[in-house]
Amino acid sequence: MADYGKELSAVASYFNVKCGQISFTGNEKVVCMKTQTGTVKGLATISRHLAQNSSKQKCLGTCPLDQALVSQWLEYRVLQVDRCSREDDLHRVLKELNGYLSDRTYFAGPYLTLADLSLYYGLHRTFVKLSFQEKEKYIHLSRWFNQIQHENNARQKFSAIQFLKTPIYQ
Amino acid sequence: MQTLYTYPESFRAYKAQIAAQYSGAKLDVPEFKLGVTNKTEEFLKKFPLGKVPAYESKDGVLLFESNAIAYYLATDAMRGANKADAAAVQQWISFGDSEVVPGSCTWVYPCLGIMQYNKQNTERAKTEIKRALGVLNDVLLTRTYLVGERISLADICLCCNLLALYQMVLDPEFRQPYGNVNRWFTTLVNQPQFKTVIGEVKLCEKMAQFDAKKYQDLHGQSKPEKKKPEKKAEKPKPEKPKAAVADEPPAEKPSKDPFAALPEGTFVMDDWKKVYSNEDTKTVAMPYFWKNFDKENYSIWYSVYKYPEDLKMIFMSCNLISGMFQRLDRMRKHAFGSAIVFGENNNSTISGIWIWRGHELAFELSPDLQIDYESYDWKKLDADSPETKKMVDEYFEWEGEFGGKKFNQGKIFK
Numbered sequence: 001m002a003d004y005g006k007e008l009s010a011v012a013s014y015f016n017v018k019c020g021q022i023s024f025t026g027n028e029k030v031v032c033m034k035t036q037t038g039t040v041k042g043l044a045t046i047s048r049h050l051a052q053n054s055s056k057q058k059c060l061g062t063c064p065l066d067q068a069l070v071s072q073w074l075e076y077r078v079l080q081v082d083r084c085s086r087e088d089d090l091h092r093v094l095k096e097l098n099g100y101l102s103d104r105t106y107f108a109g110p111y112l113t114l115a116d117l118s119l120y121y122g123l124h125r126t127f128v129k130l131s132f133q134e135k136e137k138y139i140h141l142s143r144w145f146n147q148i149q150h151e152n153n154a155r156q157k158f159s160a161i162q163f164l165k166t167p168i169y170q
Numbered sequence: 001m002q003t004l005y006t007y008p009e010s011f012r013a014y015k016a017q018i019a020a021q022y023s024g025a026k027l028d029v030p031e032f033k034l035g036v037t038n039k040t041e042e043f044l045k046k047f048p049l050g051k052v053p054a055y056e057s058k059d060g061v062l063l064f065e066s067n068a069i070a071y072y073l074a075t076d077a078m079r080g081a082n083k084a085d086a087a088a089v090q091q092w093i094s095f096g097d098s099e100v101v102p103g104s105c106t107w108v109y110p111c112l113g114i115m116q117y118n119k120q121n122t123e124r125a126k127t128e129i130k131r132a133l134g135v136l137n138d139v140l141l142t143r144t145y146l147v148g149e150r151i152s153l154a155d156i157c158l159c160c161n162l163l164a165l166y167q168m169v170l171d172p173e174f175r176q177p178y179g180n181v182n183r184w185f186t187t188l189v190n191q192p193q194f195k196t197v198i199g200e201v202k203l204c205e206k207m208a209q210f211d212a213k214k215y216q217d218l219h220g221q222s223k224p225e226k227k228k229p230e231k232k233a234e235k236p237k238p239e240k241p242k243a244a245v246a247d248e249p250p251a252e253k254p255s256k257d258p259f260a261a262l263p264e265g266t267f268v269m270d271d272w273k274k275v276y277s278n279e280d281t282k283t284v285a286m287p288y289f290w291k292n293f294d295k296e297n298y299s300i301w302y303s304v305y306k307y308p309e310d311l312k313m314i315f316m317s318c319n320l321i322s323g324m325f326q327r328l329d330r331m332r333k334h335a336f337g338s339a340i341v342f343g344e345n346n347n348s349t350i351s352g353i354w355i356w357r358g359h360e361l362a363f364e365l366s367p368d369l370q371i372d373y374e375s376y377d378w379k380k381l382d383a384d385s386p387e388t389k390k391m392v393d394e395y396f397e398w399e400g401e402f403g404g405k406k407f408n409q410g411k412i413f414k
């Protein structure tokens with residue numbers, strides 16, 4: 001299980017906004033965050049809420065297409081990345097993301113968005129365990145991951161992952 | 001106020017303007033007329049070369065050369081965060097100037113009518129650009145930007161150097177192998193700081209070709225000397241009727257076309273030459289050749305210069321070939337050939353591939369054609385064998401292994 005508490009506090013800190021109290025409710029342990037006006041539920045919704053209340057609105061997309069892509073990848077993060085129970089599920093996801101990033105720098109538009117942050121935090125625990133050989137296999141995804149972890153104030157308490165700049169296995 | 005002197009849409013000035021967008025420097029770009037503004041005494045006093053872009057600040061900083069101006073206008077971070085990064089930034093800026101710009105100009109300028117088209121130069125430029133893109137593609141496989149993890153001057157300068165190529169000639173097929181470069185380039189030109197300066201960039205759909213009309217328009221009246229090479233190509237057509245009256249009758253009697261006795265066949269030499277001259281050799285001309293070549297009535301020959309030990313400087317070998325081509329003028333209508341110089345100065349060889357009408361050594365048809373041919377060994381090739389096909393392709397494309405020989409220069413008899 002991904003550490004949603006750590007992630008949401010990182011998201012809040014990235015957007016320079018206050019992170020409300022985090023709790024998990026119900027049988028499915030849905031993540032909730034308390035705000036001044038009520039409670040926001042679900043990882044994607046809370047992340048979006050934090051971004052919306054910040055000065056970095058651009059991170060939600062600057063045109064309808066980018067905005068839609070941000071939504072799409074936030075959903076993908078929760079439905080696909082976080083629900084990989086088996087090893088081969090995970091590699092299918094990595095392969096898919098790697099292919100998507102082969103001709104794109106970021107997930108939505110030509111700049112960093114919430115989609116990149118969310119996928120970065122979601123994939124971090126996976127990347128910690130990948131060997132250099134596996135990282136090279138997903139070379140576009142690795143290129144992207146390294147880019148995001150170097151963005152100002154994105155990595156925070158997440159550990160830095162090492163990447164090789166020169167492919168050595170092919 | 002800071003002033004940038006430039007004509008509009010200069011890729012060099014773009015570097016400075018984009019760098020200024022990132023640092024927030026406000027640039028005034030006054031109206032500028034190339035060849036007028038930069039020739040005034042006042043301008044030359046400040047910028048003795050009279051070149052643009054040129055930069056002037058209100059406290060008297062004067063700069064020319066776009067890279068220097070961009071450097072001055074950029075933020076500290078964009079120049080490289082540490083010594084190694086700063087050096088890498090310079091490395092890529094130099095790479096752009098030496099590996100990209102010359103090839104880009106040679107290839108793109110004829111398409112804009114700025115320069116006369118020369119097939120050999122353009123093909124060489126394409127090879128250079130392919131090489132540069134290949135290098136960049138490998139580097140950008142693991143990197144989002146060239147240096148560090150931020151957009152730096154290296155990205156700005158190189159992107160501007162590649163701009164015209166991406167807009168005019170790098171069609172989807174040509175750029176397809178360089179996915180990482182394409183990704184990097186599109187990301188850059190879509191940054192707001194780039195867009196403000198260069199506007200929306202549309203990637204090339206169809207490779208631009210030499211624009212003869214524009215060339216004529218640009219060079220027609222103002223520069224009579226430069227018009228000469230152009231005239232040669234243009235004039236014969238209108239003049240022919242007149243000249244024909246005077247020249248042809250005397251020429252006709254002794255000559256008789258040496259090939260007249262040979263069956264014409266289905267291969268139209270003129271059409272083939274047109275295709276070869278105007279179309280991409282590899283993708284269009286060679287498929288055309290193999291589809292239309294009439295092996296019943298035409299033959300393919302391989303020639304090797306017999307005395308390579310006498311060959312000294314490469315340019316002399318080239319002159320030897322051009323001289324031979326001139327002396328073979330009478331068979332031009334029915335023959336086509338590619339002669340290539342391999343190796344380097346003082347260690348070179350000449351060989352070639354020829355096609356002509358008939359199955360015998362064409363030079364024996366007329367004493368006029370026999371001056372040079374005995375200096376070469378001639379071997380008739382089997383038009384059906386795959387080895388022949390490979391050789392013909394290599395010799396006509398000026399590209400390939402050539403059995404391990406190092407291509408230096410080629411000449412086409414057409």
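These protein sequence lines map, in sequence, to chains X and P. Counting in UniProt numbering, the first sequence runs from 1 upward without gaps. Counting in UniProt numbering, the second sequence runs from 1 upward without gaps. We put the beta carbon where it would ideally sit given N, CA and C, even for glycine. Fair warning: this is a prediction, and the values are worked out from it, not measured in the lab.
CB contact check: residue i to chain X, cutoff 7 Å
i	result
P/Glu-41	no
P/Glu-123	no
P/Glu-149	yes
P/Thr-187	yes
Per-residue contacts from residue i into chain X (C-beta, under 8 Å)
i	result
P/Gly-134	Per Cβ cutoff of 8 Å: no residues; P/Gly-134 is ~15 Å from chain X at best.
Three-state secondary structure (DSSP) of residue i
i	result
P/Gln-2	strand
P/Ala-251	Its pLDDT being 39, under 50, P/Ala-251 is placed unreliably in this model, and the value from its coordinates should be taken loosely. Three-state DSSP puts P/Ala-251 in a helix.
P/Lys-290	First, the amino acid is wrong: residue 290 of chain P is Trp here, not Lys. Here P/Trp-290 sits in helix by DSSP.
P/Arg-131	helix
P/Val-52	coil
P/Ser-23	helix
X/Lys-34	strand
P/Leu-63	strand
P/Trp-398	coil
P/Phe-342	strand
P/Tyr-302	strand
X/Gln-25	For the sequence presented, residue 25 of chain X should be read as Thr rather than Gln. Note: X/Thr-25 maps to strand in three-state DSSP.
X/Leu-97	helix
P/Gln-370	coil
X/Leu-50	helix
X/Lys-56	coil
P/Val-139	helix
P/Asp-97	helix
P/Asp-377	strand
P/Lys-223	Note on P/Lys-223: pLDDT 44, under 50, position unreliable in the model; the coordinate value appears next. Residue state, collapsed to three classes: coil.
Exposure of residue i, with buried meaning 16 or more beta-carbon neighbours within 10 Å
i	result
P/Val-181	buried
X/Pro-110	buried
P/His-359	exposed
X/Asn-146	buried
X/Met-33	buried
X/Tyr-169	exposed
P/Thr-281	buried
X/Asp-88	exposed
P/Leu-146	buried
P/Gln-21	buried
X/Gln-149	buried
X/Tyr-138	buried
P/Lys-411	buried
Proximal chain P residues relative to residue i, where beta-carbon distance stays under 9 Å
i	result
X/Ser-102	Gly-179, Asn-180, Arg-183
X/Thr-45	Here the premise fails: no neighbours, minimum Cβ distance about 29 Å.
X/Ile-139	Leu-141, Thr-142
X/Gln-147	Arg-143, Thr-144, Tyr-145, Glu-149
Chain P within 7 Å of residue i, Cβ atoms only
i	result
X/Arg-143	yes
X/Thr-39	no
X/Thr-35	no
X/Thr-25	no
Whole-Å CB distance - residue i paired with residue j, under 8 Å assumed
i	j	result
X/Leu-123	X/Leu-60	Not really, about 20 Å apart at Cβ, beyond 8 Å.
X/Arg-155	X/Ala-2	No, X/Arg-155 and X/Ala-2 are not in contact; Cβ-Cβ is about 16 Å, not under 8 Å.
P/Gly-337	P/Phe-413	4 Å
P/Ser-303	P/Asp-377	7 Å
P/Cys-111	P/Met-168	6 Å
P/Phe-289	P/Trp-272	6 Å
Closer than 8 Å at the beta carbon, the chain P residues around residue i
i	result
X/Lys-165	Thr-142, Arg-143
Per-residue contacts from residue i into chain X (C-beta, under 9 Å)
i	result
P/Asn-190	Gly-109, Pro-110, Tyr-111
Interface residues of chain P facing residue i [CB-CB closer than 7 Å]
i	result
X/His-150	Glu-149
X/Thr-126	None at all; the shortest Cβ gap to chain P is about 19 Å.
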